[in-house]
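Asks:
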Amino acid sequence: MSFTLRQGLSTDRDALLALESRAFEGDRFNRRQLGHLLTRANAATLVAIDEHEAVIGYATLLFRRNSATARLYSFCVDPARRGMGLGRRLLEAIEQTAIAHGAGRLLLEVRADNRVAMGLYRRTGYVAHRWLDDYYEDGCAAWRMDKLLDDTPDESVTPS
Ligand SMILES: CC(C)(COP(=O)(O)OP(=O)(O)OC[C@H]1O[C@@H](n2cnc3c(N)ncnc32)[C@H](O)[C@@H]1OP(=O)(O)O)[C@@H](O)C(=O)NCCC(=O)NCCS
């Protein structure tokens, strides 16, 4: 599958709204929230675009002033494009975006029943450290997970 990643623009709002309604059953952002996310200064959004310029995935980070921790606020792939590596690529790219903004740690919450997302996060180095009861609007619990982001090159040391 071919796709490109680019920064989210305010003109992506309606495409993200449609994607959210395909990707999530509840706890979706509305039009106003998405418009705000795409324009607020302390957020960064990456969108994945297919060969027809259709938006097929996105991820949004939030930053807090004077904090080296960024939060993965939203992350989804179009149901028709899942299981083809896009989610992993998008996650890697948004981690690089966090590093470029000076973050050393990425924090996220994930539904306790979301095995696919939790598996992806675990395999890419996230650690679950807090259980949040009754976190989502349907009463589902969440895991809070985090990962230390490493922007230093992997230098192997040869013993003398
Ligand atoms: C989580 C999500 C973004 C993953 O996107 P994706 O494009 O399917 O991800 P990938 O194809 O890169 O697959 C990621 C990993 O999950 C595995 N995977 C994907 N779909 C799977 C499935 N249905 N069952 C089991 N494993 C699956 C892949 O094998 C891959 O494993 P790897 O890390 O060992 O390579 C996507 O499922 C999604 O949008 N879900 C709904 C929204 C959501 O849950 N967002 C996260 C909120 S915290």
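The numbering of the sequence shown is the numbering used here, which starts it at 2 and goes up by one.
Glycine residues also receive a C-beta, built at the ideal position from the N, C-alpha and C atoms.
1. Taking only runs of the beta strand (DSSP E) that begin and end inside the segment 58-133, which ones reach a length of at least 3 residues, in chain order?
2. Any contact between the segment 61-74 and the segment 85-101? By contact I mean 3 or more CB pairs, one from each, below 8 angstroms.
3. Grouping DSSP H, G and I as helix and E and B as strand, with all else coil, what is Arg14?
4. Starting from Arg32, trace the alpha helix (DSSP H) in both directions and tell me its first and last residue.
5. Have a look at Ile50 and Ile100 and give me their C-alpha separation to the nearest angstrom.
6. May I ask which residues mark the beginning and end of the beta strand (DSSP E) holding Met146?
Replies: To lay it out plainly:
1. Taken in chain order, the unbroken stretches of beta strand (DSSP E) that lie wholly in the segment 58-133 and span 3 residues or more are 70-78, 106-112, 128-133.
2. The segment 61-74 makes contact with the segment 85-101; the number of CB pairs closer than 8 angstroms reaches 3 or more.
3. Along the sequence shown, read from residue 1 onward, the residue named residue 14 stands at position 13. DSSP, reduced to helix, strand and coil, places Arg14 within a helical segment of the structure shown.
4. Mapped onto the sequence shown, residue 32 falls at position 31. In this chain, the alpha helix (DSSP H) harbouring Arg32 covers 32-40.
5. Looking up residue 50 in the sequence shown gives position 49. Looking up residue 100 in the sequence shown gives position 99. For Ile50 and Ile100, the distance between alpha carbons rounds to 22 angstroms.
6. Start at 1 with the first residue of the sequence shown, and residue 146 comes out as number 145. The continuous beta strand (DSSP E) containing Met146 extends over residues 143-149.
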